[in-house]
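One structure is given below, encoded as structure tokens.
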Amino acid sequence: MSLENVATVLGPGEGALAAEAEATAGGSWLRAFGRNRLAVAGLVVIVALLLFSFVGPLFYHTDQIHTRLAMETLAPGAGRPLGTDDVGYDELGRLMVGGQTMLEVAFGAAAVAVVLGVLWGATAGYFGGLLDSLMMRIVDALLAIPAILLLLFLATVFRPSVLMLIIVVGVTAWLVPARLIRAEALSLRSREYVLAAKTMGVRSPTIIVRHIITNSIGTILVNATFQVADAILLVAALSFLGLGVAPPATNWGAMLSDGLNYTYSGFWWLTYPPGIAIVLTVLAFNVVGDGLRDAFGLDSRRG
Amino acid sequence: MIRFLLRRCFQAVVVLVLVSVIVFGLLHLLPGGPARAILGTHATPTNIAAFNQQNGLDSPVPVQYWHWLTGVLSGNLGFSYVQNESVASLLAQRLPKTAFLAGISVLLAVLIAVPVGFFQAVRRNRAGDYVVTTVTLVLYSTPAFWVGILLIDVLSVRLHVFPAEAPQGSFSALVSDPQALVLPVLTITLVTVAAFSRYIRSSVLDELAQDYVRMARSKGASRRVILFGHVLRNAAGPVVTLLGLSLPFIVSGTLITEYVFNYPGIGLLAFNAATSQDYPVILGVVIVVGAATVVGSLLADVTHAILDPRVRASAGIA
Amino acid sequence: MNAPATGRREETPVVAPVLQVTGLDVDIRLPSAVVHAVQDVSLEVWAGETVGIVGESGCGKSTLGLALAGLLPPEAETRGSIRQGGRELVGLRERELRAIRGAEVGIVFQDPMTSLNPTKRIGPQVAEALRLQRGASKAAALRAAADMLDRVGLPRPREQLDRFPHELSGGMRQRVVIASALICEPKVLVADEPTTALDVTTQAQILELFDGLSAELGMATLLVTHDMGVVAGHANRVFVMYAGREAETGTTETIFSAPRHQYTGALLGSILRMETPRKSRLGTIPGRPPDLTVPAAGCPFAPRCAAASGDCTSQLPTASAEDGHRWSCYHPLGIQQTEHIPEAQR
Chain Z
1 MSLENVATVL GPGEGALAAE AEATAGGSWL RAFGRNRLAV AGLVVIVALL
51 LFSFVGPLFY HTDQIHTRLA METLAPGAGR PLGTDDVGYD ELGRLMVGGQ
101 TMLEVAFGAA AVAVVLGVLW GATAGYFGGL LDSLMMRIVD ALLAIPAILL
151 LLFLATVFRP SVLMLIIVVG VTAWLVPARL IRAEALSLRS REYVLAAKTM
201 GVRSPTIIVR HIITNSIGTI LVNATFQVAD AILLVAALSF LGLGVAPPAT
251 NWGAMLSDGL NYTYSGFWWL TYPPGIAIVL TVLAFNVVGD GLRDAFGLDS
301 RRG
Chain X
304 MIRFLLRRCF QAVVVLVLVS VIVFGLLHLL PGGPARAILG THATPTNIAA
354 FNQQNGLDSP VPVQYWHWLT GVLSGNLGFS YVQNESVASL LAQRLPKTAF
404 LAGISVLLAV LIAVPVGFFQ AVRRNRAGDY VVTTVTLVLY STPAFWVGIL
454 LIDVLSVRLH VFPAEAPQGS FSALVSDPQA LVLPVLTITL VTVAAFSRYI
504 RSSVLDELAQ DYVRMARSKG ASRRVILFGH VLRNAAGPVV TLLGLSLPFI
554 VSGTLITEYV FNYPGIGLLA FNAATSQDYP VILGVVIVVG AATVVGSLLA
604 DVTHAILDPR VRASAGIA
Chain R
622 MNAPATGRRE ETPVVAPVLQ VTGLDVDIRL PSAVVHAVQD VSLEVWAGET
672 VGIVGESGCG KSTLGLALAG LLPPEAETRG SIRQGGRELV GLRERELRAI
722 RGAEVGIVFQ DPMTSLNPTK RIGPQVAEAL RLQRGASKAA ALRAAADMLD
772 RVGLPRPREQ LDRFPHELSG GMRQRVVIAS ALICEPKVLV ADEPTTALDV
822 TTQAQILELF DGLSAELGMA TLLVTHDMGV VAGHANRVFV MYAGREAETG
872 TTETIFSAPR HQYTGALLGS ILRMETPRKS RLGTIPGRPP DLTVPAAGCP
922 FAPRCAAASG DCTSQLPTAS AEDGHRWSCY HPLGIQQTEH IPEAQR
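Protein chains in written order, with this note's numbering: chain Z, 1 to 303; chain X, 304 to 621; chain R, 622 to 967.
Next comes the structure, spelled out in structure tokens:
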């Protein structure tokens, strides 16, 4: 039974004390997170993937620029742990390069989404009224259009590059944090310290940043983590559909797309490594996100 | 209740208008304007001018918008020069197929996710919960297309149980070949179940922690009575809202699945249109899907209000 | 279980208590700690009387109440004895406990809004216990529910059956909750802070309702509260708890006029009474309640007690009793001594 449930069953008096006992034994959210073995494992995986993608190529040298058609689609063997792809690139090296792109775009897009969404949502929630209604209706309208469709459209208009992908994915992803932070702002704006700040004449933008946003940091962090996970899935899907970055750059989704052609030939090393890499990375971020959410004690139905 | 309904409907209309504005904006976002986009890169300035005049593209923007909107509302969604057919007729052929695919998948997903979510919540932190939670977590982290590919690889290529491609042709041809539908439906269902059961588990856990559950226990209610007599109806409302909010997610999944399985729905239509730069078609799909999502969301909210009297009483939130 | 099949203990023709608790210990197992919520509690409650169980937040009174109602979570380990209606409650399995809940022991919680299912109408919720425990039909149960709502003072009871909880005011909701807890006419009612969430006028009405029902149904009521005022006006006897243990118990009059335990004295000193001189300051008790995960060696109140001495921290004081008035303190109030020897008080 979770701590919250014990507290509920025991009632306000002993329940609160029990929670306190557990908390002092446990410490702040950081320590609560640390006690969640699954979440820590996820964090380890993320760090490992970052190292693999960015530091790996320094140790494992492969040529990712020049194609060598004579070496195409060779099965894993000596000197090539994961074989080669259809234009002769070493698959393991490809995985590293692909990882770089994936992670760059995912972190970048998540950052764009969170910054945009938090500012939008905090403003809407803090001011309330007609402004809030209008801003949220815009969010609703954008949410009604599936990201994939919007991205399909945008990706054919703008030439794909890492920066473009970051902007495009970020611009479709900011809607969820906007909604979440708006809900936080709505509940925080009637807190006494906010009212006090208003009375003292503190200007609205300052209040929004210093009080609303800083007190929603838990929600923001949790959502940011899930944003990265979702961004990876989205970029993978886009690239899979052929709308990602151009060669010789690549990412795991594009690798899967290329590899799909060879499923019938049984070249498993062209599809399983990138596929598993995607699932592992997204899983790691989701698990860390869940862990953060539990550590902050947030409502598990949001984010 | 009436006040709530009116308010929600009004909101929905506002959102629909905004969707139309966005689509209209996208149409004119294209470099060179819609004329160049539709006529192609070889269009000469004369062609473009003629096209613009013909289609009223030299009038001020609000007027254009109005013409376009009235056109859309009367069923004119533009013309695809690439496929040489009106967008409306293309959509009419393919929309039912997508609706069919998505509909069956979602229905299955709900039928599976609700009991699974309940099971996870009730058996929290015990062996059964851990297994199910892990499986759903992994599924939740897997992109839809990868699920599709895996299913194809295992069930189609290696085991030859189901075909890897969906049947082309008319709607009746589609429906009469259930074997070919299994993999696409399975793909969407699996991905959706993963997302839904997570939410339902949280929802049920939240309800179980409520005071009224404690009260019911104090009157001698067994776990089964509590689950079916109290929790189920309270958790149903949020699940319905979840369904409404998940429509974009479900559509995305369906789109990708159509691509993987070559299923002749609006998803594949949109994708082909994207690669051939057939903008009227993409935008036609966007408008239809957007409108469907708004309406679906409205229906979900209304159903939630019917299930939960508190929602009715609160006359809606901004 | 070795509870007799029916009825009460047949011993001497003295009236037997409806509830008899002996040496009750309740431990709650948490992931990284064990909370000793109730330690060695013994008390008796007779039919028709109201016993006030008082103490600070977290002293174990709520857990005690839950234990008496058979509602402890699976994480709880119970030792000792709770005898109710001739039956032993400690060690009963869930299925057996279910038969007792609502039928023999009822409970009312603090917040009436959350105690009622917001999506269900009032009628079925009040009738629920009757249908579960007595197998009554829907129609018959609803009739009984309307009846009960009338008894708890709800106007137009038949109309209320169809309404939803959020349509009623706080006081009315609490009456509904009380009705739902009492519909099977249990012998014992545990009321856990029943008026804390209500305004003062409503508080008074609800407490009077308890008094009336107690007399009418011959029911024993346990009023768990931190509010001494509530206890003064509506309890026959008082049971003062501190850190999971009994500090003092006796009739209300005795406790208020001649408290013995230092803690009781401090509690009474911190509330406003008619006798309190005008310009005086209300007393406060310094410090905080102890950590229930670490059982104290001596008297748990010692760290905060003005009269504490060496004995107090090294050894748990044994109970002294005098005419049904019992306390566990080395330096009881109102008794002159320099060196405390409990035996001298017997």
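Glycine residues also receive a C-beta, built at the ideal position from the N, C-alpha and C atoms.
What residues of chain X sit near Z/Gly117, judged by a beta carbon separation below 8 Å?
The residue you call residue 117 of chain Z lines up with position 117 of the first sequence. Simply none; closest approach about 16 Å.
Please say whether R/Ala917 and R/Ala864 have beta carbons closer to each other than 8 Å?
Counting from one through the third sequence, the residue named residue 864 of chain R turns up at place 243. Counting from one through the third sequence, the residue named residue 917 of chain R turns up at place 296. Against a cut-off of 8 Å, the Cβ pair of R/Ala917 and R/Ala864 comes out as a contact.
Check R/Ala879 in the structure and name its three-state DSSP category.
By one-based count along the third sequence, residue 879 of chain R stands at place 258. Looking at R/Ala879 - three-state DSSP - the assignment turns out to be coil, as it is neither helix nor strand.
Using beta-carbon positions only, say whether R/Thr872 and R/Gly955 come within less than 8 Å of one another.
Mapped onto the third sequence, residue 872 of chain R falls at position 251. Mapped onto the third sequence, residue 955 of chain R falls at position 334. Contact: no.
Span of the alpha helix (DSSP H) around R/Arg704:
In the third sequence, counting from the first residue as 1, residue 704 of chain R sits at position 83. Here R/Arg704 belongs to no alpha helix (DSSP H); instead the beta strand (DSSP E) covers Ala697 to Gln705.
Nearest by alpha-carbon distance to R/Gly791: which of R/Leu737, R/Ala841 and R/Pro745 is it?
Here residue 791 of chain R corresponds to residue number 170 of the third sequence, with the count starting at 1. That would be R/Leu737, whose Cα lies nearest to the Cα of R/Gly791.
Using a C-beta cutoff of 8 Å, does X/Gln580 count as contacting chain Z?
For this step, residue 580 of chain X is matched to residue 277 along the second sequence. Yes, contact with chain Z.
Presumed contact (8 Å Cβ cut-off) between Z/Ala141 and X/Val322, rounded CB distance:
For the purposes of this step, residue 141 of chain Z is identified with residue 141 of the first sequence, where counting begins at 1. For the purposes of this step, residue 322 of chain X is identified with residue 19 of the second sequence, where counting begins at 1. Z/Ala141 to X/Val322, Cβ: 5 Å. Contact.
For R/Lys900, does the count of other Cβ atoms within 10 angstroms reach 16, so buried, or fall short, so exposed?
To locate residue 900 of chain R, count along the third sequence from 1; it is residue 279. The residue in question, R/Lys900, is exposed, as its Cβ has fewer than 16 Cβ neighbours within 10 Å.
Along chain R, in chain order, which residues have C-beta atoms closer than 8 Å to that of X/Arg517?
Position 214 of the second sequence holds residue 517 of chain X. Those are Leu692, Phe730 and Ser736, listed as they occur along chain R.
Where Z/His306 falls: helix, strand or coil (DSSP):
The structure shown has nothing for residue 306 of chain Z, since chain Z only spans 1 to 303.
Leaving out five residues before and five after R/Val773 in sequence, what residues of the same chain have Cβ atoms less than 7 Å from its Cβ?
As a first step, residue 773 of chain R is located in the third sequence; it is residue number 152 there, counting from the start. Closer than 7 Å at Cβ, skipping near neighbours: Arg796, Ile799, Ala800 and Leu830.
Using CA coordinates, which residue listed in R/Asp813, R/Arg777, R/Gly679 and R/Leu782 is at the minimum distance from R/Gln731?
Here the question's residue 731 of chain R lines up with position 110 in the third sequence. The shortest C-alpha separation from R/Gln731 is found at R/Asp813.
I'd like to know if X/Ala467 contacts chain R, where contact means its C-beta is closer than 8 Å to some C-beta of that chain.
Residue mapping note: residue 467 of chain X aligns to position 164 of the second sequence, counting from 1. Cβ-Cβ to chain R under 8 Å: no for X/Ala467.
When you compare the CB positions of Z/Met307 and Z/Trp269, do they come within less than 8 Å of one another, or not?
With chain Z covering only 1 through 303, there is no way to say anything about residue 307 of chain Z.
Could you check what DSSP says for R/Gly673 in three-state terms: helix, strand or coil?
Counting from 1 along the third sequence, the entry for residue 673 of chain R is found at position 52. R/Gly673 falls in the strand class under three-state DSSP.
How would you list, in chain order, the residues of chain X whose beta-carbon sits under 7 Å from the beta-carbon of R/Arg772?
Stepping through the third sequence from its first residue, residue 772 of chain R is reached at position 151. Correct list: empty, because the minimum Cβ distance to chain X is about 18 Å.
Counting C-beta neighbours from all protein chains within 10 Å, is the total for Z/Asp90 16 or more, i.e. buried, or is it exposed?
Indexing the first sequence from 1 puts residue 90 of chain Z at position 90. Label assigned to Z/Asp90: buried.
Would X/Arg520 count as contacting chain R if we go by Cβ distances under 8 Å?
Position 217 of the second sequence, counted from the first residue, corresponds to residue 520 of chain X. So yes, X/Arg520 belongs to the interface.
Anything in the segment 434-448 of chain X with a Cβ closer than 7 Å to a Cβ of chain Z? List those residues in chain order, please.
Leu440, Val441, Tyr443, Ser444, Thr445, Pro446 and Phe448
Give a yes or no on contact between the segment 431-438 of chain X and the segment 255-266 of chain Z, applying the rule of three or more CB pairs nearer than 8 Å.
no
From the DSSP output, in three-state form, read off R/Glu964 for me.
On the third sequence, residue 964 of chain R is found 343 positions in, with the first residue counted as 1. The pLDDT assigned to R/Glu964 is 47, lower than 50, so where the model puts this residue is not dependable; a value taken from the coordinates is nonetheless given after this. R/Glu964: helix per DSSP, three-state reduction.
Using the C-alpha atoms, what's the distance from X/Val324 back to X/Cys312?
In the second sequence, counting from the first residue as 1, residue 312 of chain X sits at position 9. In the second sequence, counting from the first residue as 1, residue 324 of chain X sits at position 21. C-alpha separation (whole angstroms): 18 Å.
Pull up the distance between the alpha-carbon of X/Asp611 and that of R/Thr817, whole angstroms please.
Here residue 611 of chain X is taken as the residue at index 308 of the second sequence, counted from 1. Here residue 817 of chain R is taken as the residue at index 196 of the third sequence, counted from 1. Spanning the two alpha carbons is a distance of roughly 28 Å.
Have a look at R/Asn623 and R/Gly904 and give me their C-alpha separation to the nearest angstrom.
Reading the third sequence from its first residue, position 2 is the one you call residue 623 of chain R. Reading the third sequence from its first residue, position 283 is the one you call residue 904 of chain R. With a pLDDT of 41 at R/Asn623, under the threshold of 50, the predicted position of this residue should be treated as unreliable, though the coordinate-derived value follows. Going from the Cα of R/Asn623 to the Cα of R/Gly904 covers about 49 Å.
Own chain residues within Cβ distance below 7 Å of R/Gly628, not counting five before or after:
Stepping through the third sequence from its first residue, residue 628 of chain R is reached at position 7. Unreliable positioning characterises R/Gly628 in this predicted model, as indicated by a pLDDT of 49, which lies under 50. A coordinate reading is not provided.
Answer yes if the segment 667-686 of chain R comes into contact with the segment 802-813 of chain R, meaning at least three C-beta pairs across the two stretches below 8 Å, and no otherwise.
yes
For chain X, is any of its Cβ atoms less than 8 Å away from the one on R/Leu640?
Within the third sequence, numbered from 1, the residue matching residue 640 of chain R stands at position 19. It does not: the Cβ of R/Leu640 has no partner Cβ on chain X nearer than 8 Å.
For Z/Phe54, which of Z/Glu104, Z/Gly42 and Z/Arg31 has the nearest alpha-carbon?
Along the first sequence, one-based indexing puts residue 54 of chain Z at 54. Z/Phe54 has its Cα closest to that of Z/Glu104, out of Z/Glu104, Z/Gly42 and Z/Arg31.
Short of 7 Å Cβ to Cβ, which residues in the segment 309-321 of chain X face chain Z?
Gln314, Val317, Val318 and Leu321
Short Cβ contact (8 Å threshold) for R/Gln754 with R/Leu770
For the purposes of this step, residue 754 of chain R is taken as residue 133 along the third sequence, with counting starting at 1. For the purposes of this step, residue 770 of chain R is taken as residue 149 along the third sequence, with counting starting at 1. No, Cβ-Cβ distance for R/Gln754 and R/Leu770 is not below 8 Å.
Determine the burial state of R/Ile804: buried for a count of at least 16 other Cβ atoms within 10 Å of its Cβ, exposed for fewer.
On the third sequence, residue 804 of chain R is found 183 positions in, with the first residue counted as 1. Counting Cβ neighbours within 10 Å, R/Ile804 comes out buried, since at least 16 surround it.
Below 8 Å on the Cβ atoms is my contact criterion, and I expect R/Ala767 with R/Pro778 to pass it. Report the Cβ-Cβ distance as a whole number of Å.
For the purposes of this step, residue 767 of chain R is taken as residue 146 along the third sequence, with counting starting at 1. For the purposes of this step, residue 778 of chain R is taken as residue 157 along the third sequence, with counting starting at 1. Contact flag correct, Cβ pair sits at about 5 Å.
Distance cutoff 8 Å, beta carbons only. Does Z/Arg137 sit that close to anything in chain X?
Along the first sequence, one-based indexing puts residue 137 of chain Z at 137. Closer than 8 Å: yes.
Fully enclosed by the segment 361-387 of chain X, which alpha helix (DSSP H) runs are 4 residues long or longer?
364-376
In the DSSP assignment, what residue or residues form a beta bridge with Z/Gly31?
For the purposes of this step, residue 31 of chain Z is taken as the residue at position 31 of the first sequence. A small correction: the amino acid at residue 31 of chain Z is Arg; Gly does not occupy that position in the sequence shown. Answer is none; Z/Arg31 lacks a bridge partner.
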